[in-house]
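Residue numbers (the working numbering): 282 to 525. Just so you know, even glycine gets a beta-carbon here, dropped at the ideal spot from N, CA and C. Working notes, structure below.
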Ligand code: 1GP
């Protein structure tokens with residue numbers, strides 16, 4: 282069977298764009314999962330990401346188990362902390378917050394995660410995670426105690442993403458922050474994409490089909506949306522999959 286990462290790279294080579302629905306265990310009630318996922322299953326979503334900045338122990342595993350009852354899409358952990366690791370998911374974005382300079386989020390948490398990961402069969406996907414300034418403080422910024430890169434500092438954004446690739450990371454994730462007022466500027470996406478030979482994920486503040494399309498057109502391979510679905514899951518209706 283194709284790995285999650287191979288599926289991503291194959292999709293890109295076939296010109297297909299990807300969409301991950303981010304579910305925060307802190308915000309999704311278990312008894313709402315079935316209804317939410319049934320709507321998601323008729324949409325163009327290709328992946329489910331599970332994670333949040335501040336999640337209590339045990340919530341992630343229960344949520345992943347419930348999600349997997351209702352969908353065959355790959356469920357990938359997008360953890361804000363080591364306690365969110367569960368072997369019930371299919372894979373994990375093994376994140377390093379390379380836009381910041383907090384050693385805990387660059388390498389400390391990753392070292393802490395190793396023994397836990399050793400007990401799982403999760404597909405581990407090393408991911409360079411860049412937080413880009415968006416006019417307001419985000420949960421990632423607060424929890425990680427790091428500064429985002431200024432959005433006008435295109436050179437630093439590009440060089441940071443490229444440094445992630447040169448360090449061997451398999452994905453780059455440009456993050457505006459959950460609930461960001463504005464998504465990552467298409468100009469930033471396109472400048473970063475031109476630098477990279479690895480897939481590019483873009484998330485934070487994307488709330489409409491036109492914003493998804495703008496991100497894709499600028500070079501995003503995979504778009505992540507959480508808040509817009511949390512606030513109104515009828516948004517899935519605007520993203521219906523065309524039947525084969
Ligand atoms: C957050 O990029 C993701 O980490 C998604 O952001 O919740 O704003 O869609 P939103």
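query                                                                                                        : result
Local Cβ density within 10 Å of residue 468, reported as buried at 16 or more and exposed below that         : exposed
Residue 328 in three-state terms, based on DSSP                                                              : strand
Under 6 Å, CB to nearest heavy atom of the ligand 1GP: contacting residues                                   : 303, 456, 459, 460, 461, 484, 485, 486, 487, 505, 506, 507, 508, 509
Residue environment, residue 371, which counts as buried when at least 16 other CB atoms sit within 10 Å     : buried
Beta bridge counterpart(s) of residue 521 as assigned by DSSP                                                : 324
Neighbour-count burial assignment, residue 402, 16 or more Cβ in a 10 Å radius                               : exposed
C-alpha distance - residue 424 paired with residue 411, whole-angstrom precision                             : 15 Å
Residue from 451, 342, 413 with nearest C-alpha to residue 433                                               : 413
Sequence-distant residues of its chain with Cβ nearer than 8 Å to residue 473 (five each side left out)      : 438, 439, 442, 453, 455, 481, 500
Check: residue 345 C-beta below 6 Å from any heavy atom of the ligand FMN                                    : This structure lacks the ligand FMN; the ligands present are the ligand 1GP.
Within the stretch 449-514, ranges of the alpha helix (DSSP H) (whole runs, at least 4 residues)             : 467-476, 490-499, 508-512
Supposed close pair residue 299, residue 289 - CB separation, criterion 8 Å                                  : 7 Å
Spatial distance of residue 306 from residue 444 (CA atoms)                                                  : 31 Å
Completely contained alpha helix (DSSP H) runs for the stretch 385-409, where each covers 4 or more residues : 390-399
Start and end residues, beta strand (DSSP E) containing residue 424                                          : Looking at the DSSP string, residue 424 is not in any beta strand (DSSP E); the run it does join, the alpha helix (DSSP H), is 420-425.
Selected residue, minimal CA-CA separation from residue 421, among 487, 459, 471, 495                        : 459
Coil, strand or helix - residue 379 by DSSP                                                                  : coil
Nearest candidate by alpha-carbon position, reference residue 331, set 491, 302, 520                         : 302
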